[in-house]
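Please read the structure below before turning to the comments.
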Amino acid sequence: MHIPDGFIAPQVYLPAYALAAGAWAWAGRGLRRELDEATVPRLAVLTALCYALGLVMLPLPGGTSGHALGIGLLALLFGVRLAFVAYSLVLVLQALLLGAGGITALPVNALAMGLAGAAVAVGTRRLLARLGETPAVAAAAFLSVLVPALLVALVLGIQPLIAHRPNGTPLFFPFGLTITLPALLLPHLAVGIGEAIFTLLIWRFARRRGWPTT
Amino acid sequence: MADDLRARAGLALYAAAVLTATLVHDPRLLGAGLLAACAAAGAERLWLLRRTLRAVLAFNLTVSLGYLLVAGLRHGPSADYLLLVNLRVLLLVYLGFWLVARVNLALALALAPFPTLSFLVTLAAGQALTLRRLALDFRLAFTSRSPAPPGLPDRARSAGAQGLLLLDKALAASTEITQAMRSRGCFEEPDEANPTPDRRSI
Numbered sequence: 009m010h011i012p013d014g015f016i017a018p019q020v021y022l023p024a025y026a027l028a029a030g031a032w033a034w035a036g037r038g039l040r041r042e043l044d045e046a047t048v049p050r051l052a053v054l055t056a057l058c059y060a061l062g063l064v065m066l067p068l069p070g071g072t073s074g075h076a077l078g079i080g081l082l083a084l085l086f087g088v089r090l091a092f093v094a095y096s097l098v099l100v101l102q103a104l105l106l107g108a109g110g111i112t113a114l115p116v117n118a119l120a121m122g123l124a125g126a127a128v129a130v131g132t133r134r135l136l137a138r139l140g141e142t143p144a145v146a147a148a149a150f151l152s153v154l155v156p157a158l159l160v161a162l163v164l165g166i167q168p169l170i171a172h173r174p175n176g177t178p179l180f181f182p183f184g185l186t187i188t189l190p191a192l193l194l195p196h197l198a199v200g201i202g203e204a205i206f207t208l209l210i211w212r213f214a215r216r217r218g219w220p221t222t
Numbered sequence: 152m153a154d155d156l157r158a159r160a161g162l163a164l165y166a167a168a169v170l171t172a173t174l175v176h177d178p179r180l181l182g183a184g185l186l187a188a189c190a191a192a193g194a195e196r197l198w199l200l201r202r203t204l205r206a207v208l209a210f211n212l213t214v215s216l217g218y219l220l221v222a223g224l225r226h227g228p229s230a231d232y233l234l235l236v237n238l239r240v241l242l243l244v245y246l247g248f249w250l251v252a253r254v255n256l257a258l259a260l261a262l263a264p265f266p267t268l269s270f271l272v273t274l275a276a277g278q279a280l281t282l283r284r285l286a287l288d289f290r291l292a293f294t295s296r297s298p299a300p301p302g303l304p305d306r307a308r309s310a311g312a313q314g315l316l317l318l319d320k321a322l323a324a325s326t327e328i329t330q331a332m333r334s335r336g337c338f339e340e341p342d343e344a345n346p347t348p349d350r351r352s353i
């Protein structure tokens, strides 16, 4: 789902960087207190796992890619703030080591997948807790993929409106919302189901080993 | 200190180049920028260019073909746009790979004042490489053990088993590393007797 480098206009990515900087400052506050010698390896392992998941990417007609995110798992195990920091790290590693995503797209990707995805996962699980653990965790993971996909589709779809030549030729991403919304949301329905299964699998593993959860 | 300054200067130059590349909408200028970056990269240029092409090919081909199809049905595609967007993406990704090859990002981003974040970055990056290597080994082993193309249930079972084993192995390794870091004082809070815990041995 990453937005690749070069498809986002500076009118969008510069304000997004300002917004993301505020979010990173908020998430980084008190990091030292939350990360002890038990939490650091767990968070590092799952951050690395999210990176590994992002290596398998399928190009989608909307111009981005589909793959499991792992953000739901990070959020359910570590909370929104740590999940946002860890997923931002995943995005930086993917952008710099693999050229997937990118520096100009980093704040949009981080806000959509890292922050919104994590917040949706934690909120959904709390909201559906009375239905039982399995459906609540599955729904949280499913929505943690679908909501970021919707946000990414919206950001990409407005690019032709924001940045174009006087004759209407786009300067960055060429497709409008009528294409980006179905092109991203439909494949991510399937990705979301895969994400839910993966999250449940690791969630049960973590519970068996007595990891604390949010 | 000189290394710090050089790394930060490299990062600042990269950020300025990225911003410029997204503010310029003339394909000739972007092409000239790409040529200049290739010329300046020296002997690494072909390796960087191959890496860049491999990274962007799938995405750019998808977007370019999609654009040709959609614009062709509406008002006719613009060669100027195709050139512009492909050159811009190539230049941006090339610059990113060049930065990673030349600049020590840990120094440039000044992670030293944030030791906890440094631990996390170091562990996560190390584990990511380990997981990638193990995942490739498992994939090759699974393929070699399957005389016929495996079905969906087989692939799902294999993926689940691989995922759990990878997680267990990575957790054990990172716990060992963390214990090693702890034994060297990484998690010690500075105090009056020892205001700057010595982390040089890590």
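For the record, the sequence lines run as chains W and G. One rule links them: number in this note's numbering = place in the first sequence (from 1) + 8. One rule links them: number in this note's numbering = place in the second sequence (from 1) + 151. All residues carry an ideal CB built from backbone N, CA and C; glycine is no exception.
Notebook entry, point to check: So residue 114 (chain W) and residue 99 (chain W) are in contact, right, with Cβ under 8 Å, and what is the actual spacing, rounded?
Noted result: About 6 Å separates the beta carbons of residue 114 (chain W) and residue 99 (chain W), which is inside the 8 Å limit, making them a contact pair.
Next item on the list: Could you work out which residues of chain G lie near residue 51 (chain W), taking near to mean beta carbons separated by less than 7 Å?
Entry: Simply 271.
Notebook entry, point to check: How long is the line joining the alpha carbons of residue 224 (chain G) and residue 217 (chain G), rounded to whole angstroms?
Noted result: Between the C-alpha atoms of residue 224 (chain G) and residue 217 (chain G) there is a straight-line separation of about 11 Å.
Margin query: Only counting the same chain, and skipping five residues up and downstream in sequence, which positions put a Cβ closer than 6 Å to that of residue 173 (chain G)?
Written below: Close CB contacts of residue 173 (chain G) within its chain, under the 6 Å cut and outside five residues either way in sequence, are absent.
Check: Going by the beta-carbon positions, is the gap between residue 49 (chain W) and residue 273 (chain G) smaller than 7 Å?
Finding: Pairing residue 49 (chain W) with residue 273 (chain G) gives a Cβ-Cβ distance that is not under 7 Å.
Checklist line | Selection from W:93, W:139, W:18 and W:206 that minimises the alpha carbon distance to residue 38 (chain W) | finding: With respect to the C-alpha of residue 38 (chain W), the residue from W:93, W:139, W:18 and W:206 having the closest C-alpha is W:93.
Margin query: Below 8 Å on the Cβ atoms is my contact criterion, and I expect residue 169 (chain G) with residue 246 (chain G) to pass it. Report the Cβ-Cβ distance as a whole number of Å.
Written below: Taking C-beta atoms under 8 Å as the contact rule, residue 169 (chain G) and residue 246 (chain G) qualify, at a distance of about 6 Å.
Check: Where residue 76 (chain W) and residue 213 (chain G) are concerned, what is the direct C-alpha to C-alpha distance, given to the nearest angstrom?
Finding: Each residue's alpha carbon lies about 20 Å from the other.
Margin query: Determine whether the beta carbon atoms of residue 229 (chain G) and residue 177 (chain W) lie at a separation below 7 Å.
Written below: Against a cut-off of 7 Å, the Cβ pair of residue 177 (chain W) and residue 229 (chain G) comes out as a contact.
Margin query: Need the endpoints of the alpha helix (DSSP H) that residue 112 (chain W) sits in, please.
Written below: First-last for residue 112 (chain W): undefined, no H or E at that position.
Margin query: Per DSSP, what are the beta-bridge partners of residue 178 (chain W) in this structure?
Written below: DSSP output for residue 178 (chain W) lists W:172 as bridge partner(s).
Note to self: Against chain W, does residue 215 (chain G) count as a neighbour if the rule is that its beta carbon must be under 7 Å from one of theirs?
What the structure shows: Chain W contact via Cβ: absent.
Item checked: Neighbourhood of residue 151 (chain W) by C-beta, 6 Å cutoff - its chain only, sequence neighbours within 5 removed -> Excluding residues within five positions, the ones whose Cβ falls inside 6 Å are 128 and 132.
Check: Roughly how many angstroms lie between the CA atoms of residue 125 (chain W) and residue 167 (chain W), to the nearest whole one?
Finding: One C-alpha to the other measures close to 22 Å.
Check: Residues in its own chain within less than 6 Å of residue 215 (chain G) by CB, not counting five upstream and five downstream?
Finding: Cβ within range, chain order: 233.
Notebook entry, point to check: What first and last residue would you give for the alpha helix (DSSP H) that runs through residue 44 (chain W)?
Noted result: Counting along the chain, no alpha helix (DSSP H) covers residue 44 (chain W), and no H or E run does either.
Checklist line | beta strand (DSSP E) runs contained entirely in the region 10-55 of chain W, provided each spans 3 or more residues | finding: Runs found: none.
Note to self: My assumption, with CB atoms under 8 Å, is that residue 80 (chain W) sits in contact with residue 161 (chain W). Please give the rounded CB distance.
What the structure shows: About 19 Å separates the two Cβ atoms, so there is no contact after all.
Check: At a cut of 8 Å, does the region 179-186 of chain G reach the region 280-293 of chain G through at least three beta carbon pairs?
Finding: Contact between the region 179-186 of chain G and the region 280-293 of chain G is absent, because fewer than three Cβ pairs lie under 8 Å.
Notebook entry, point to check: From the beta carbon of residue 313 (chain G), is the nearest beta carbon of chain W less than 7 Å away?
Noted result: Chain W, which has no Cβ nearer than 7 Å to the Cβ of residue 313 (chain G), makes this no.
Next item on the list: Could you tell me the distance, in whole angstroms, from the CA atom of residue 42 (chain W) to the CA atom of residue 22 (chain W)?
Entry: Rounded to the nearest angstrom, the two C-alpha atoms are 30 Å apart.
Note to self: Can you tell me where the alpha helix (DSSP H) holding residue 154 (chain G) begins and where it ends?
What the structure shows: For residue 154 (chain G), the enclosing alpha helix (DSSP H) starts and ends at 153-174.
Next item on the list: Starting from residue 298 (chain G), trace the alpha helix (DSSP H) both ways and give me its first and last residue.
Entry: Careful: residue 298 (chain G) lies outside any alpha helix (DSSP H) and carries neither H nor E.
Notebook entry, point to check: Hey, is residue 128 (chain W)'s beta-carbon within less than 7 Å of any beta-carbon in chain G?
Noted result: Residue 128 (chain W) does not count as touching chain G.
Check: Residues of chain W with a CB under 7 Å from the CB of residue 248 (chain G): which are they?
Finding: Under the 7 Å cutoff, chain W gives 107.
Notebook entry, point to check: Mapping DSSP to helix, strand and coil, what is residue 328 (chain G)?
Noted result: Three-state DSSP puts residue 328 (chain G) in a helix.
Next item on the list: Would you give the residue range spanned by the alpha helix (DSSP H) that residue 247 (chain G) belongs to?
Entry: Per DSSP, residue 247 (chain G) is one residue of the alpha helix (DSSP H) stretching across 230-253.
Notebook entry, point to check: CB-CB under 8 Å to residue 181 (chain G), same chain, minus the five flanking residues each way: which ones, in chain order?
Noted result: Only 172, 175, 235, 238, 239 and 242 meet the Cβ criterion.
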